[in-house]
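Per the working numbering, residue 330 is the first one in the sequence shown, and the count goes up by one each step.
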Amino acid sequence: MKAILVPVEESDLLESMLTTALRVGERFGSYIEGQYDRPSLVESWGPEGLGSAAVMESLEQQDQERALRARELFKQFMDGREVPDGGEAAAREGPSASWFEDPSPGNVMIANRGRVFDMIVVGQPRREAVAPRMITLEAALFESGRPIMIAPAQAPATLGETVVIAWNGSTETARTMAFAMPFLAQAAKVSVIAVEEGMVPGPDAPAVARYLARSGIQARAHTVSAGKRPVGEVLLDQATELGADLLIKGAYTHSRLRQMIFGGATSHILAKAQVPVFMAH
């Protein structure tokens, strides 16, 4: 986890996002790059709002002001914590950071650039706050080919000491676990949680623990029943009981459309998690 990308836009979760990225950077000596999370004009206003040249000029001016503010907030955070500039590509013992200027609009640019990073840190979308946009999370998750780290509302005090794997037997979770091996190798405690009602055909939780043991990672396997409760709720409760400061979860084993309509473990965790969530699809 030597290179981390953070899409930056002023929001109530920005400090948590930057703190989450820095916690990872402190653990792995990572380079952290901030980039303005620039929405397209159509995304911001819709096609009906893009009429006269005067309107376009006004929108572009507002966008430039937001971009400058995003850069200022990123720099203030890193300077306030004495994180050195990491503009030159060189291995370092501790974290470093710099800002990347990209005039291109649209969330797809975050996803495109994310392909040359080990991880993209995004904020947890929240309805009741000035929050990161869901479209940024989805672009990073589905278009970058890289894992994402979802920062919760409150910045984490620690990250990666006690790790819980939300195992459901799926390809998505197996891929996510492979991405997460650097965290698992350094964790003081690892637990594998399987909820019976959320499993798909595949290995069980004890099989995952045996697999990790071959890499020198001692993990305890737990299989629980959800009963009538949502699977996502049970997973989060289990993570809380175990004192987790990082949850590893494959994203959208079932389709996004199905989860939007009927709900699902991924949707529940995206909305309710109070610890950082490491996720891939």
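No residue lacks a Cβ here, since even glycine has one placed at the ideal position from N, Cα and C.
Please look up how many angstroms separate the CB atoms of residue i and residue j, rounded, as I've assumed it's under 8 Å.
i: S499; j: V450; result: That belief does not hold up - the Cβ atoms of S499 and V450 are roughly 24 Å apart, past 8 Å.
i: Q453; j: A602; result: 7 Å
i: A594; j: V560; result: 4 Å
i: P485; j: D574; result: 6 Å
i: M275; j: L470; result: Here the chain covers residues 330 to 610 and nothing more, so residue 275 does not appear.
i: G489; j: Q515; result: 6 Å
i: A468; j: A440; result: 4 Å
Looking at C-alpha atoms only, which residue of the options is the closest neighbour of residue i?
i: T502; options: R539, A536, Y581 and P559; result: Y581
i: E355; options: R410, E386, S387 and Q405; result: R410
i: Q483; options: G527, P605, W496 and M463; result: P605
i: R398; options: R367, D574, L513 and A486; result: R367
i: Y360; options: E386, M346 and K331; result: K331
i: E422; options: W428, P413, E430 and R475; result: P413
i: A571; options: V519, I577 and E526; result: Reading off the sequence, residue 571 comes out as Leu, not Ala. The shortest C-alpha separation from L571 is found at V519.
i: S425; options: F403, V493 and E467; result: F403
i: Y365; options: V337, A573, R558 and M463; result: V337
i: T348; options: E467, I479 and A514; result: I479
i: L564; options: R543, I494, A509 and V353; result: I494
i: R539; options: V521, A516 and T487; result: V521
i: H597; options: R352, R455, M407 and R543; result: R455
i: K557; options: V353, R549, A548 and E525; result: E525
i: A548; options: E562, M506, G579 and G531; result: M506
i: I537; options: N497, A600, L488 and A516; result: At residue 537 the sequence reads Val, which differs from the Ile that was named. Of the listed residues, the one whose Cα sits closest to V537 is N497.
i: A534; options: S544, A542 and A523; result: A523
i: G527; options: F406, E339 and K578; result: K578
i: V353; options: S387, A468 and D447; result: D447
i: E339; options: Q390, E394, I333 and A350; result: E394
i: R475; options: T487, I464 and V445; result: V445
i: G358; options: E467, R462, G415 and A509; result: G415
i: L351; options: I333, R504 and L466; result: I333
i: V492; options: I477, R504, A509 and P481; result: A509
i: D322; options: D566, R462 and D408; result: Outside the shown range of the chain, which is 330 to 610, sits residue 322, and nothing can be said about it.
i: L343; options: F406, N441 and A555; result: F406
i: L541; options: L513, T465 and I477; result: L513
i: G313; options: A517, E562 and D392; result: As displayed, the chain neither begins before 330 nor continues past 610, which places residue 313 out of reach and without an answer.
i: G363; options: V335, E562, Q390 and S387; result: V335
i: R612; options: S427, R543 and L388; result: Limits of the chain in this structure are 330 at one end and 610 at the other, which puts residue 612 out of reach.
i: T487; options: Q391, L576, E389 and E386; result: L576
Taking the DSSP output, what are the residues bridged to residue i?
i: A550; result: V521
i: D431; result: Note: D431 sits in no beta bridge, so no partner.
i: V451; result: I479
i: A469; result: Answer by DSSP bridge pairing: none, since A469 is not bridged.
i: L571; result: DSSP lists no partner for L571.
i: F607; result: M478 and I577
i: Q364; result: P336 and F429
i: D414; result: A426
Any alpha helix (DSSP H) of 4 or more consecutive residues that is wholly inside the region 485 to 533: 500 to 508 and 510 to 515
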